[in-house]
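Asks:
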Amino acid sequence: MIVPVTAVFAAVTGLLLLVLSAQVVKYRLKYRKGLGVNEDPEFEAAVRAHANLVEYAPLGLIMLAIAELNGVSGSLIYWTGMALVVGRILHAWGMINGKGGPHWARMIGILLTWLAILVAALLLFWNVWQVYG
12 MIVPVTAVFA AVTGLLLLVL SAQVVKYRLK YRKGLGVNED PEFEAAVRAH ANLVEYAPLG
72 LIMLAIAELN GVSGSLIYWT GMALVVGRIL HAWGMINGKG GPHWARMIGI LLTWLAILVA
132 ALLLFWNVWQ VYG
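For the sequence shown, the working numbering gives the first residue as 12, with consecutive numbering after it.
What follows is the structure in structure tokens.
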């Protein structure tokens, strides 16, 4: 069985990862710093935006794929995935534009991400309950 809905969200997330990776590489080349960051808040924000995506996106995508494989409604998968990906994009944009400080997009982004993971967890629990009750 395939997971076409999750596949689209994984593809978009992969592209976002490449964009964020390019941002980090830009600063690493600028400062000739192969590991860690210096005192530049933009550099640190780029590194954390990239790392934060890597910390949250895999679990969210795995949960979506399991739900899709288990037969959870495609529309529920779609809207949960949309919240996850839009949340990740907003968070990254807010991190970079806010230079790591408070930014409305960063806050909305993490809230959407948490909501998506919570909904995915509830969908998985509900799905297992329906099957094995």
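Here a beta-carbon is modelled for each residue, glycine too, at the ideal position from N, C-alpha and C.
#1: Do the region 53-65 and the region 85-95 make contact, defined as three or more Cβ pairs closer than 8 Å?
#2: Hey, would you say residue 34 sits closer than 8 Å to residue 128, going by beta carbons?
#3: Do residue 20 and residue 87 have their beta-carbon atoms positioned less than 8 Å apart in this structure?
#4: Counting along the chain, where does the alpha helix (DSSP H) carrying residue 142 start and finish?
#5: Could you check the C-alpha separation between residue 39 and residue 52 for me, to the nearest Å?
#6: Just how far apart, CA to CA, sit residue 111 and residue 63?
#7: Name the two residues that bound the continuous alpha helix (DSSP H) containing residue 108.
#8: Looking at residue 131 and residue 71, is the spacing between their C-beta atoms short of 8 Å?
#9: Taking Cβ to Cβ, would you say residue 31 is nearer than 8 Å to residue 103?
#10: Quick check: the Cα distance between residue 141 and residue 135, rounded to an integer number of angstroms?
#11: Taking all protein chains shown into account, do 16 or more other C-beta atoms lie within 10 angstroms of the C-beta of residue 105, making it buried, or fewer, making it exposed?
#12: By alpha-carbon positions, which one of 116, 14, 109 ends up nearest to residue 77?
#13: Do residue 123 and residue 139 come within 8 Å of each other at the CB atom, strictly closer than that value?
Replies: On the basis of the supplied data:
#1: no
#2: no
#3: no
#4: 115-143
#5: 13 Å
#6: 12 Å
#7: 85-108
#8: yes
#9: yes
#10: 10 Å
#11: buried
#12: 14
#13: no
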